[in-house]
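Asks:
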Amino acid sequence: MGLGLAGWYWSASLVPSTYSVMDMGHMDYGGGPTHAHGAGRSVAELTGPASGEPDVAVELAARQESVELAGGERIEGYTLNGTSPGPAIEARQGDLVQVTLTNVDVPDGVTLHWHGVDVPNAEDGVAGVTQDAVQPGEDHVYRFLAEDAGTYWYHSHQVSHVQVRGGLFGTLVVRPPRVPDEQDVVAAVHTYDGRRTIGGRTGVSQVDAEAGEPVRVRVVNTDNSPLRAWVSGSPFRVVAVDGTDVTGPAELREEGVVVTAGGRVDLLVTAPARIDTGGGSALVVGPEGSEVPARPAPDRQVDLLEYGSPVALPFDPASADRRFGYEIGRRIGLLDGKPGFWWTVNGRLYPDIPMFHVEEGDVVRMTITNDSGDVHPMHLHGHHAVVLSRDGVPASGSQWWVDSLNVEDGESYEIAFVADNPGIWMDHCHHLDHARDGLIAHLAYAGVTEPFRIGGAAHNEPE
Ligand code: C2O
Ligand code: CU
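Rendered as structure tokens:
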């Protein structure tokens, strides 16, 4: 009897070897109208512009090989065009971007996901959800309009907990038509095998800038854990978060800033200045040879909930069409037959995760709570959400738009967004080991069908 029940729990926890994410878990309509599934447009049809000359055309060749870091150290990992990070992609707002990804020899297959860019669904690069993993010898073309200026990055979304950590990523910057008069530096922070780097370089790097010149430092956190950045030698402002400008950013001197895993923060400093990103990694912007003494990491971090000046939201979250809960917990149980202490979403274990159903045009509110004992950087694909409140305290600063939100243990955030990008979208923890362990959910639009499969012939394994 006892054994029989245990056997039932065990088999009920098993994840099938191939399945559609649409068959996973349970439907959640967020209190809005329900709708039938199975008919409508396929994810594969929701592409970017199929014709037209690209303004930016990039070819990226993915390899599994040893990576030489900028300082000469070698680690086993992945490269794009022979380097990690891969090439920095730069575009102007409105450009048609075309990226041809070739998998030279990554045995598990690869994809590219445009983290933070609200691309059409078929360009989102999630193996088994928006495409099949690209096998060795194959290629795949991504085409999308760079509609929103900002700091973004790209990374593989096939076996991502291994491939991203191993270096299969790069940065993407979309500049506005009128670029402000400032130097512009991208600082992608990544930890290779325990070595914290900026742009693939350990230790302190230097970028030339004239004394007194404003410099925008685009800090990109490509790791699994939040990082703290702080500035020495100059006051600074946080001028953008996750690609969206901050309104009325005040000058900061004492505080540092938290950059959530997957998130980006643009800092405006005045050269010469030093930006520390922890683990001994730092960037000095200033005339050659400038020495900016590093101050210790500050205790206080700027609170984006109240930073900057408020402006009215472009939609009314008070008249939400759907309200979802994304409660993160942890408990002992079986995941795919393996006993462990696993993450839960709304009290249940993967694969019994929610499928948040919306209709195009819905105003959606979501409350993310975390009682799991760990921090989770929550990332919704294809959309930007605005933070309404944290622990019941309403946001009082600039509009705080995120695609990656640092939810600390014990915290609760309420966010809102407009469902304006039809498709099937991942909504997961960007600590990619947590995602692999089932801390994921999906957002699905009515009238969109899923042709791809997790597992299957392409061995799709997005996490
Ligand atoms: Cu940066 Cu689901 O990804
Ligand atoms: Cu997590």
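Take the sequence shown: its letters are residues 142 to 604, numbered as in the numbering used here.
For glycine and all other residues, C-beta sits at the position ideal for the given N, C-alpha and C.
Reducing DSSP to helix, strand and coil, say where Leu573 ends up.
Replies: The count along the sequence shown starts at 1 and reaches residue 573 at position 432. Reduced to three states, the DSSP call for Leu573 is helix.
Asks: Following a CB-centred definition, is His572 positioned closer than 7 Å to any heavy atom of the ligand CU?
Replies: Position 431 of the sequence shown, counted from the first residue, corresponds to residue 572. Answer for His572: yes, Cβ within range of the ligand CU.
Asks: Any heavy atom of the ligand C2O closer than 7 Å to the beta-carbon of Gly124?
Replies: Residue 124 cannot be examined here, being either before or after the span of the chain that is shown, 142 to 604.
Asks: Is Met519 near the ligand C2O, going by C-beta to nearest heavy atom under 7 Å?
Replies: Counted from its first residue, the sequence shown places residue 519 at position 378. For the ligand C2O, not one heavy atom lies less than 7 Å from the Cβ of Met519.
Asks: Along the chain, where does the alpha helix (DSSP H) that runs through Val303 open and close?
Replies: Translated into the one-based positions of the sequence shown, residue 303 becomes position 162. Looking at the DSSP string, the run of the alpha helix (DSSP H) that includes Val303 is 301-304.
Asks: When burial is assigned at 16 or more other CB atoms within 10 Å of the CB, is Leu584 buried or exposed?
Replies: As a first step, residue 584 is located in the sequence shown; it is residue number 443 there, counting from the start. Buried.
Asks: Pull the bridge partners of Leu242 from the DSSP assignment, please.
Replies: Taking the first residue of the sequence shown as 1, we reach residue 242 at position 101. Per DSSP, Leu201, His281.
Asks: Tell me whether Leu580 counts as near the ligand CU, meaning its Cβ is closer than 7 Å to at least one heavy atom of that ligand.
Replies: On the sequence shown, residue 580 is found 439 positions in, with the first residue counted as 1. Yes, since a heavy atom of the ligand CU falls inside the 7 Å radius drawn around the Cβ of Leu580.
Asks: Exposed or buried, which one is Met142 when buried takes at least 16 other CB atoms within 10 Å?
Replies: Translated into the one-based positions of the sequence shown, residue 142 becomes position 1. In this prediction, Met142 scores a pLDDT of 45, lower than 50, which makes its location untrustworthy; no coordinate-derived value is stated.
Asks: Who are the near neighbours of Ile607 in its chain, counting only those whose CB is closer than 8 Å to its CB and skipping five residues on each side?
Replies: Here the chain comprises residues numbered 142 to 604, so residue 607 is not present and cannot be evaluated.
Asks: So which of Pro413, Asp322, Ala435 has the shortest CA-CA distance to Ala370?
Replies: Looking up residue 370 in the sequence shown gives position 229. When each option's Cα is compared against that of Ala370, the closest is Ala435.
Asks: Out of Leu521, Leu546, Ser161, which one is the CA nearest neighbour of Glu602?
Replies: As a first step, residue 602 is located in the sequence shown; it is residue number 461 there, counting from the start. Checked all of Leu521, Leu546, Ser161; the closest Cα to Glu602 is Ser161.
Asks: Would Ala191 be called buried (16 or more neighbouring beta carbons within 10 Å of its own) or exposed?
Replies: Locating residue 191 in the sequence shown gives position 50, counting from the first residue. Exposed.
Asks: Quick one: is Leu521 buried, meaning 16 or more other Cβ sit within 10 Å of its Cβ, or exposed?
Replies: What you label residue 521 is simply residue 380 of the sequence shown in a count that begins at 1. Buried, because 16 or more other Cβ atoms sit within 10 Å of the Cβ of Leu521.
Asks: Compute the minimum distance between the beta carbon of His575 and the heavy atoms of the ligand CU, and state whether it is under 7 Å.
Replies: If you number the sequence shown from 1, residue 575 lands on position 434. Checking the Cβ of His575 against the ligand CU gives yes.
Asks: Would the C-beta of His302 count as close to the ligand C2O, meaning under 7 Å from any of its heavy atoms?
Replies: Your numbering for residue 302 matches position 161 in the sequence shown. No; taking the cut-off as 7 Å, the Cβ of His302 has no heavy atom of the ligand C2O nearer than that.
Asks: Nearest by alpha-carbon distance to Leu313: which of Val504, His256, Tyr150, Ala185 is it?
Replies: As a working note, residue 313 is residue 172 in the sequence shown. Of Val504, His256, Tyr150, Ala185, the residue nearest in Cα terms is His256.
Asks: Keeping to the same chain, check which residues put their C-beta closer than 8 Å to that of Val620; ignore five residues upstream and five downstream.
Replies: Because the chain in this structure spans residues 142 to 604, residue 620 falls outside the shown range and cannot be described.
Asks: Is His254 near the ligand C2O, in the sense that its beta carbon is under 7 Å from a heavy atom of that ligand?
Replies: Taking the sequence shown and counting its residues from 1, the one referred to as residue 254 is at position 113. Flag set: Cβ of His254 near the ligand C2O.
Asks: Restricting to Cα atoms, I'd like to know which of Ala290, Val260, Thr224 is closest to Tyr283.
Replies: Indexing the sequence shown from 1 puts residue 283 at position 142. Residue Val260 is the option with its Cα nearest to Tyr283.
Asks: Taking 7 Å as the cut-off, is the beta-carbon of Met165 closer than that to any non-hydrogen atom of the ligand C2O?
Replies: Start at 1 with the first residue of the sequence shown, and residue 165 comes out as number 24. Not under cutoff, so the answer is no.
Asks: Determine, using beta-carbon pairs with one atom in the segment 518-533 and one in the segment 413-421, whether at least three such pairs fall under 8 Å.
Replies: These segments do not touch.
Asks: Where are the beta strand (DSSP E) runs, 3 residues long or more, that stay fully inside the segment 223-269, in chain order?
Replies: Taking only runs of at least 3 residues, the beta strand (DSSP E) segments lying wholly in the segment 223-269 are 230-233, 237-244, 254-256.
Asks: Pull up the DSSP beta-bridge partners for Phe456, would you.
Replies: Along the sequence shown, one-based indexing puts residue 456 at 315. Paired residue(s): none; Phe456 is not in a bridge.
Asks: Kindly indicate the opening and closing residues of the beta strand (DSSP E) around Leu221.
Replies: As a first step, residue 221 must be located in the sequence shown, where it is residue number 80. Here the beta strand (DSSP E) through Leu221 covers 215-221.
Asks: Entirely within the segment 402-432 and at least 3 residues each: give me those beta strand (DSSP E) ranges in chain order.
Replies: For the segment 402-432, whole beta strand (DSSP E) runs of length 3 or above, ordered along the chain, are 405-411, 414-419, 422-427.
Asks: May I ask you to verify whether the segment 440-447 touches the segment 511-518, counting CB pairs closer than 8 Å and requiring at least 3?
Replies: Output reads no: the segment 511-518 does not touch the segment 440-447.
Asks: Using a 10 Å radius around the Cβ and a threshold of 16 neighbouring Cβ atoms, would you call Ser545 buried or exposed?
Replies: On the sequence shown, residue 545 is found 404 positions in, with the first residue counted as 1. The residue is buried, with at least 16 neighbouring Cβ atoms inside 10 Å.
Asks: State yes or no: is the beta carbon of Thr343 nearer than 8 Å to at least one beta carbon in chain C?
Replies: Checking the listed chains, one finds no chain C in this structure; it contains a single protein chain.
Asks: By Cβ distance, which residues of its chain are closer than 6 Å to Val156, with the 5 residues on each side in sequence left out?
Replies: Taking the first residue of the sequence shown as position 1, residue 156 is located at position 15. The answer, listed in chain order, is Asp477, Pro492.
Asks: Could you check the C-alpha separation between Thr338 and Ala153 for me, to the nearest Å?
Replies: Translated into the one-based positions of the sequence shown, residue 338 becomes position 197. Translated into the one-based positions of the sequence shown, residue 153 becomes position 12. Taking the straight line from one Cα to the other gives about 43 Å.
Asks: Between which two residues does the beta strand (DSSP E) containing Trp541 stretch?
Replies: Counted from its first residue, the sequence shown places residue 541 at position 400. Run containing Trp541: none; DSSP gives neither H nor E here.
Asks: Leaving out the 5 sequence neighbours to the left and right, which residues in its chain are closer than 6 Å to Val258 when beta-carbon positions are compared?
Replies: Here the question's residue 258 lines up with position 117 in the sequence shown. Taken in chain order, the residues that qualify are Tyr293.
Asks: Does the beta carbon of His600 fall short of 7 Å from some heavy atom of the ligand C2O?
Replies: Residue 600 sits at position 459 when you count from the first residue of the sequence shown. False, no ligand heavy atom lies under 7 Å from that Cβ.
Asks: Just the C-alpha distance for Trp542 and Ala274, rounded to the nearest angstrom, thanks.
Replies: By one-based count along the sequence shown, residue 542 stands at place 401. By one-based count along the sequence shown, residue 274 stands at place 133. Rounded to whole angstroms, Trp542 to Ala274 spans 30 Å at the Cα level.
Asks: Quick one: Cα of Ala536 to Cα of Val528, how far?
Replies: As a first step, residue 536 must be located in the sequence shown, where it is residue number 395. As a first step, residue 528 must be located in the sequence shown, where it is residue number 387. Their backbone Cα atoms lie some 7 Å apart in a straight line.
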